[in-house]
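Participant: Chains V and W are the protein sequences, given in the same order. Just so it is clear: in the first sequence, position 97 is 109 by this note's numbering, and no numbers are missing. Just so it is clear: in the second sequence, position 87 is 91 by this note's numbering, and no numbers are missing. Pasting a structure below so you can have a look.
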Amino acid sequence: ILNVEQSPQSLHVQEGDSTNFTCSFPSSNFYALHWYRWETAKSPEALFVMTLNGDEKKKGRISATLNTKEGYSYLYIKGSQPEDSATYLCAPSGGSYIPTFGRGTSLIVHP
Amino acid sequence: GAVVSQHPSWVICKSGTSVKIECRSLDFQATTMFWYRQFPKQSLMLMATSNEGSKATYEQGVEKDKFLINHASLTLSTLTVTSAHPEDSSFYICSARDKQGVGETQYFGPGTRLLVL
Numbered sequence: 013i014l015n016v017e018q019s020p021q022s023l024h025v026q027e028g029d030s031t032n033f034t035c036s037f038p039s040s041n042f043y044a045l046h047w048y049r050w051e052t053a054k055s056p057e058a059l060f061v062m063t064l065n066g067d068e069k070k071k072g073r074i075s076a077t078l079n080t081k082e083g084y085s086y087l088y089i090k091g092s093q094p095e096d097s098a099t100y101l102c103a104p105s106g107g108s109y110i111p112t113f114g115r116g117t118s119l120i121v122h123p
Numbered sequence: 005g006a007v008v009s010q011h012p013s014w015v016i017c018k019s020g021t022s023v024k025i026e027c028r029s030l031d032f033q034a035t036t037m038f039w040y041r042q043f044p045k046q047s048l049m050l051m052a053t054s055n056e057g058s059k060a061t062y063e064q065g066v067e068k069d070k071f072l073i074n075h076a077s078l079t080l081s082t083l084t085v086t087s088a089h090p091e092d093s094s095f096y097i098c099s100a101r102d103k104q105g106v107g108e109t110q111y112f113g114p115g116t117r118l119l120v121l
C-alpha cells in the first residue's frame, strides 16, 4: 500500500475561479496514476490515467500533470463551475498494478 | 459504456445477520473486480481483489471468513458480510476492470451504505 497524500482536504471557490490541487506519492516503484471525480450519490468517474514523467492530460477545463521523479501530480480546473463540485481522488499504482487511493480533495464551487 | 451497478444502495440490518451486496458490470466483462470500504473522512481502502472463477485475494487485516466474496461470472461479484456487527457499518463500493495491466481504468459502482444496529 502506497502512502498517498492529497491537499488541500477541501476547497471552496467562487464560480469562474481557477483552482488546483495536489497528489503526492512515493516516487519509487511507480507505474501509473489515476484521477477520479466523485460526485455525491454517484459513482467515481475516471478522469485521467498518466504513466510517463511529464505527462499532461486535458479534458475540457480540467487538466493534470505528472512528475514521477519527485512524486506528485497536479489537477487544474480552469474557470470553475458549480457542476465541478465533487471530490477529486488520485490513485497511484505501484508494482501490483492495483491503485491506492488518497482521501481526496473536496471541491465546492459557489455560484 | 462501462457501467457498474451495485445493489442495494442502502441496507440497515440487525447485529448478527448477514448482508449480501451485489456488483454487476452491465456492458462489459469484468476480469477483475475490487471491493473497497470507506470510513468517514477516510480514503477508499481495498478489501479484496477477485478474479472470475478463482478465490479472492484479501488485503492484510481483512477477515476472509467475515467478508465472503464470490465472483461467479464475468459480470457479477458478491460481497457477503457475515454475522454483521455495528463496527461493520461503513460504505462499501465495488469496481470492475476489463483488462489487466498498467494504467487500466477501474469502473466503479455507486456504493452501498451499511448500517448495523
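Where is the CB? At the ideal position from N, CA and C, for every residue including glycine.
Leaving out five residues before and five after I16(W) in sequence, what residues of the same chain have Cβ atoms less than 6 Å from its Cβ?
Facilitator: To locate residue 16(W), count along the second sequence from 1; it is residue 12. So the qualifying residues of the chain are L119.
Participant: Can you confirm whether the region 104-116 of chain V touches the region 89-96 of chain V when touching is taken to mean that 3 or more C-beta pairs between the two stretches lie within less than 8 Å?
Facilitator: No, they do not touch.
Participant: Give the interface partners of A58(V) over in chain W, defined as CB-CB distance under 9 Å, in chain order.
Facilitator: Position 46 of the first sequence, counted from the start, is the residue given in the question as residue 58(V). Per Cβ cutoff of 9 Å: A6, T109, Q110, Y111 and F112.
Participant: State the CB to CB distance for the pair L30(W) and S58(W), rounded to an integer number of angstroms; the pair is presumed to be in contact (CB under 8 Å).
Facilitator: For this step, residue 30(W) is matched to residue 26 along the second sequence. For this step, residue 58(W) is matched to residue 54 along the second sequence. Not really, about 22 Å apart at Cβ, beyond 8 Å.
Participant: M51(W): which of E108(W), P114(W), F95(W) and T35(W) sits nearest, CA to CA?
Facilitator: Here residue 51(W) refers to the residue found at position 47 when the second sequence is read from its first residue. Measuring from the Cα of M51(W), the nearest candidate turns out to be F95(W).
Participant: For Q110(W), count neighbouring C-beta atoms within 10 Å of its own C-beta (all shown protein chains included) and say buried if the count is 16 or more, exposed if not.
Facilitator: The residue labelled residue 110(W) in the question sits at position 106 within the second sequence. Its Cβ being crowded by 16 or more others within 10 Å, Q110(W) is buried.
Participant: Should A98(V) be flagged as near chain W, meaning a C-beta pair shorter than 9 Å?
Facilitator: Translated into positions along the first sequence, residue 98(V) becomes position 86. It does not; no Cβ of chain W falls within 9 Å.
Participant: In the DSSP assignment, find the beta strand (DSSP E) that holds K69(V) and state where it starts and stops.
Facilitator: The count along the first sequence starts at 1 and reaches residue 69(V) at position 57. Where K69(V) is concerned, the enclosing beta strand (DSSP E) stretches over E68 to K71.
Participant: Pick from D29(V), F42(V) and F33(V): whose alpha carbon is nearest that of M62(V)?
Facilitator: Start at 1 with the first residue of the first sequence, and residue 62(V) comes out as number 50. Taking only the C-alpha atoms, the option nearest M62(V) is F42(V).
Participant: Going along chain W, which residues have a C-beta under 7 Å from F113(V)?
Facilitator: Numbered from 1 along the first sequence, position 101 holds the residue referred to as residue 113(V). Neighbours of F113(V) on chain W, chain order: S47 and L48.
Participant: Check the Cβ-Cβ distances between F38(W) and every residue of chain V, and say whether any is below 9 Å.
Facilitator: Reading the second sequence from its first residue, position 34 is the one you call residue 38(W). Yes, contact with chain V.
Participant: Could you say which of Y88(V), T117(V), Y100(V) and N65(V) lies nearest to K81(V) if we only look at CA atoms?
Facilitator: Residue 81(V) sits at position 69 when you count from the first residue of the first sequence. When each option's Cα is compared against that of K81(V), the closest is N65(V).
Participant: From A88(W), E56(W) and Q64(W), pick the residue whose C-alpha is nearest to that of N74(W); which is it?
Facilitator: On the second sequence, position 70 is the one that residue 74(W) refers to. Nearest C-alpha to N74(W): E56(W).
Participant: Using a cut-off of 7 Å between C-beta atoms, extract the partners of T82(W) located in chain V.
Facilitator: The sequence position of residue 82(W) within the second sequence is 78, counting from 1. Within 7 Å Cβ-Cβ: nothing; T82(W) doesn't reach chain V, min ~18 Å.
Participant: Restricting to runs no shorter than 4 residues, where is the alpha helix (DSSP H) found entirely within the region 90-118 of chain W?
Facilitator: None, since the region 90-118 of chain W contains no complete alpha helix (DSSP H) of that length.
Participant: Could you check what DSSP says for P104(V) in three-state terms: helix, strand or coil?
Facilitator: The sequence position of residue 104(V) within the first sequence is 92, counting from 1. Here P104(V) sits in strand by DSSP.
Participant: Whose CA, out of L80(W), L72(W), K103(W) and P114(W), lies closest to the CA of S22(W)?
Facilitator: Taking the first residue of the second sequence as 1, we reach residue 22(W) at position 18. Per the Cα distances, L72(W).
Participant: Would you tell me roughly how many angstroms separate the C-alpha atoms of E51(V) and K70(W), rounded to the nearest one?
Facilitator: Within the first sequence, numbered from 1, the residue matching residue 51(V) stands at position 39. Within the second sequence, numbered from 1, the residue matching residue 70(W) stands at position 66. E51(V) and K70(W): Cα-Cα distance of roughly 30 Å.
Participant: Taking the Cβ atom as the reference point for each residue, do D102(W) and F38(W) lie within a distance shorter than 9 Å?
Facilitator: In the second sequence, residue 102(W) corresponds to position 98, counting from 1. In the second sequence, residue 38(W) corresponds to position 34, counting from 1. Against a cut-off of 9 Å, the Cβ pair of F38(W) and D102(W) comes out as no contact.
Participant: Tell me whether P111(V) sits in a helix, a strand or coil according to DSSP, three-state version.
Facilitator: In the first sequence, the residue the question calls residue 111(V) occupies position 99. In this structure, P111(V) counts as strand in the three-state DSSP scheme.
Participant: Could you name the residues of the same chain whose beta carbon sits closer than 8 Å to that of N32(V), not counting the 5 residues immediately before and after it, in chain order?
Facilitator: The residue you call residue 32(V) lines up with position 20 of the first sequence. Answer for N32(V): Y86, L87, Y88 and I89, listed in chain order.
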